[in-house]
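Colleague: Chains as they are written, first to last, in the numbering used here: chain B, 44 to 571; chain W, -8 to 77. Backbone N, C-alpha and C define an ideal beta-carbon position, used for all residues, glycine too.
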Amino acid sequence: MTDWRIYDHPIVEFDRGKEVTLYLDGKPIKAFDSETVAAALYASGLREFSKSIKYRRPRGFFCAIGRCSSCMMEVDGVPNVRTCVAPVKDGMKIRSQKTLARFLNPILNLMKLPPQKYMRMFTRPSIIYKPAMMVMRQLTGIGKPAEEIPENMEITPKSMELETEFLVIGGGPAGLMGALEAAKRGVNVTIVDDKDMLGGQLVKQTHTFFSDIKYAAGKRGFNLGKTMVEEIKEMNNVKILTNTTAVGYYPSENRVLLVGPEETSVKIKAEKYLIATGAYEKNLVFENNDLPGVYGAGGVQTLLNVYGIKPGNRGLIIGTGNVALMVAYHLIQAGIEVAGIVAPSRRRVKGYHVHAAKIKRHGVPIITRHTIKRALGTNFVKDAIIVGLDENYEEIEGSEKKIECDFICVGVGLSPAYDLVKLFNPEMKFIPNLGGFIPIRDKQYRFVENAYIAGDVSSIEEATTAMLEGSLAGLYATKALGKSDESIDAKIAEYSHALEEDRNSPFSTGLVKAMREVTVENILEVIQ
Amino acid sequence: MKKIVCRCHDITESDIEDAIDAGYDDIETLKRITGFTTGHCQGKTCLSLVMKILERKTGKKIDQAPRTRAPIDTLTLGSLATGDHD
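#1: Mind checking who B/Leu67 pairs with in its DSSP beta bridge?
#2: Pull up the DSSP beta-bridge partners for B/Gly553, would you.
#3: Taking just the CA atoms, how far does B/Ala322 sit from B/Lys276?
#4: Name, please, each residue of chain W whose Cβ falls closer than 7 Å to the Cβ of B/Ser113.
#5: Once DSSP output is grouped into helix, strand and coil, what is the label at B/Tyr519?
#6: For W/Thr73 and chain B, any beta-carbon pair shorter than 8 Å?
#7: Quick one: what does DSSP say B/Pro304 is sitting in, helix, strand or coil?
#8: I believe B/Val290 touches W/Ile63 by the beta-carbon criterion, under 8 Å. Please report the beta-carbon distance rounded to the nearest angstrom.
#9: To the nearest angstrom, how far is the alpha carbon of B/Arg417 from that of B/Val178?
#10: Relative to chain W, which residues along the stretch 470 to 482 of chain B have a C-beta separation below 7 Å, given in chain order?
#11: Please return the same chain residues whose Cβ sits closer than 8 Å to the Cβ of B/Pro71, not counting the five positions on each side in sequence.
#12: Per DSSP, B/Cys111 is paired with what?
#13: Please decide whether B/Lys425 counts as near chain W, where near means a Cβ-Cβ distance under 8 Å.
#14: Looking at chain W, is there any beta carbon in it that lies within less than 8 Å of the beta carbon of B/Asn18?
#15: Does the stretch 346 to 356 of chain B come close enough to the stretch 501 to 516 of chain B to have 3 or more Cβ pairs within less than 8 Å?
#16: Based on Cα-Cα distance, which residue from B/Ala319, B/Val337 and B/Tyr316 lies nearest to B/Lys325?
#17: How many Å lie between B/Tyr293 and B/Pro549 at the Cα?
#18: Is it right to say B/Glu117 is buried, meaning 16 or more other beta carbons lie within 10 angstroms of its own, or is it exposed?
#19: Can you give the Cα-Cα distance for B/Glu204 and B/Ile311, rounded to whole angstroms?
#20: Starting from B/Ala322, trace the beta strand (DSSP E) in both directions and tell me its first and last residue.
#21: Can a CB atom of chain W be found closer than 8 Å to the CB of B/Val128?
#22: Does DSSP put B/Leu524 in a helix, a strand or coil?
#23: Evaluate B/Ile170 with the Cβ neighbour count: other Cβ atoms within 10 Å of its Cβ, from every protein chain shown; 16 or more gives buried, anything less gives exposed.
#24: Using a Cβ-Cβ cut-off of less than 9 Å, give me the residues of the stretch 25 to 45 of chain W that come near chain B, in sequence order.
#25: Residues of the stretch 444 to 469 of chain B with a CB closer than 7 Å to any CB of chain W: list them in chain order, please.
#26: Using a C-beta cutoff of 8 Å, does W/Gly50 count as contacting chain B?
#27: For B/Arg102 versus W/Arg(-2), is the C-beta distance shorter than 8 Å?
#28: Quick check: what's the CA-CA separation for B/Leu466 versus W/Ala61?
#29: Just the chain B side, please: which residues come within less than 9 Å of W/Lys22 by C-beta, in chain order?
#30: With distances taken Cα to Cα, identify the nearest neighbour of B/Ala386 among B/Gly454, B/Asn422, B/Asn348 and B/Ala175.
#31: Thinking C-beta only, is B/Ala86 closer than 8 Å to B/Trp47?
#32: Assuming the contact rule is C-beta atoms closer than 8 Å, B/Asn348 and B/Tyr395 should be a hit. Round their C-beta distance to whole Å, please.
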């Protein structure tokens, strides 16, 4: 059996835990109990996890942070589980949600109806609606209805109502720092995170941070995450809810609805909220952009640095920022060939020069003025076609080139995960320089009267700035809760200064300008 | 070869373009006719892509997202059933 795990990595030592067995459609698969289902399946060589809903196209792993819908499978009878965040358990039964439609694939692929047409199909006469639905249900594969519903189903109510002073949503660098600063000053804090461990995306950063902050400088990202999580676990005024998703905020009740493990629902009321939900990966539109083998840069980093699994043998990277450069470096570290970095920018890449130089030293070509046109392959990526761009970023005909690769890594930036923020009814703005939709906030990091914002959800930046923003939001919230101590103003000044220093580089001018545009003196004067 | 904009509902670039040509040329009605942002992931991949297509086709600057409603993530009916019902 093929095994894509890396057993000798120069920097990371993978503590995989105990070996267990999964069953994919009855077939045993080797897994380790620290892995997620998707990671274990990927390591066994599986690339296609399911078929898509309409055209039955192959779907596999993509974002690895439980944000997209690519990796959904049936796990122990539960349909549509995001396997990239579902932890492995011994004897788990996985079903790939393939249906009858795999025999009809050629016909379904020919289907080309504009949406405004197919929405009206099979609705009249009403008598055909039900049987048509039954057939379509068989074709889509998004889970099957229960075969039999027991007459007396026992429902054990697992609902809770909680109250806390400071609710932090998102346990990444921003959320953890916010929680730490508040908890140190005696605030009762609750942290909610939808993964099974805190630390957010720090876990996959194997490079060393260079920054002025004492806290972070010289540490590798994953070690930094560990230190923070350990510190927070020792505090007895912090309640940690992992595997718990915040699915809504209801302003009339001032409560957040959480859904936890085993279908537990929790209504939680807090005096102050900190939203640090982070961001998710952007994608590009090109032919076959949904083929397994086209991954988000973050997804590749997770596979590689968290689980120690090779995404492939030869990768092509699309993107021009630091993420693209970083992921190339991580791949080289792990001994995986990088076919090149394809960047649409004119002269040079936009990321830090240090990173770009490092990549070039390893002989990786940085192909500027090009973008990807097509991914080749039927069930997973096999080679890619890139195309040149002219001054107006239009494709130059005839400039197509074939690049040999078996996976494509798209690192074109992140969008803030603004959904929860929007439920607080803030004033939203679309600022491309900060990543996308973000709320107007004031200098105390408030975007409404009772809620604060920090980290990538407030502007796409580095982990270090997220930590500083989180600390500041935590300190301001502590002040608002009336728990400030003598050190608080000095701390605020220290962190604000460090943040300014961090943003004081030529790369950040656009960002700083955009930031000024969305920051007001007092949020209460802006929103009613 | 298809260019997929929304992985959840298999919406292609040409689906969006056709809908815009048919007159659904603002983000809210475009969402209702094509169904982007209404899949499992609630618009995490498709929104920025659709905004770009719409900007290109109409020449207008798009700075509004469709309305967000709770729940913002997938949840089981079981978890809703366990809450209080007043």
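Modeller: Inspection of the coordinates gives the following:
#1: B/Lys70 and B/Ile137
#2: Paired residues: none, contrary to the question.
#3: 25 Å
#4: Per Cβ cutoff of 7 Å: Arg(-2).
#5: helix
#6: Interface residue, yes.
#7: Residue state, collapsed to three classes: helix.
#8: 6 Å
#9: 33 Å
#10: Phe473, Gly479 and Phe480
#11: Thr64 and Leu65
#12: Answer is none; B/Cys111 lacks a bridge partner.
#13: Taking Cβ atoms only, chain W never reaches closer than 8 Å to B/Lys425, which makes this a no.
#14: Since the first residue shown for chain B is 44 and the last is 571, residue 18 of chain B is missing from the structure and cannot be characterised.
#15: no
#16: Per the Cα distances, B/Val337.
#17: For the pair B/Tyr293 and B/Pro549, the Cα-to-Cα distance works out to about 41 Å.
#18: It is buried - the Cβ of B/Glu117 has at least 16 other Cβ atoms within 10 Å.
#19: 6 Å
#20: Ala322 to Glu324
#21: no
#22: coil
#23: exposed
#24: Thr25, Gly26, Gly30, His31, Cys32, Gln33, Gly34, Lys35, Thr36, Cys37, Leu38, Ser39, Leu40, Met42, Lys43 and Ile44
#25: The residues in question are Ser458, Asp462, Leu463, Lys465 and Leu466.
#26: no
#27: yes
#28: Computed Cα separation, rounded: 7 Å.
#29: Here the premise fails: no neighbours, minimum Cβ distance about 11 Å.
#30: B/Gly454
#31: Going by C-beta atoms, B/Trp47 is nearer than 8 Å to B/Ala86.
#32: About 19 Å; that fails the 8 Å criterion.
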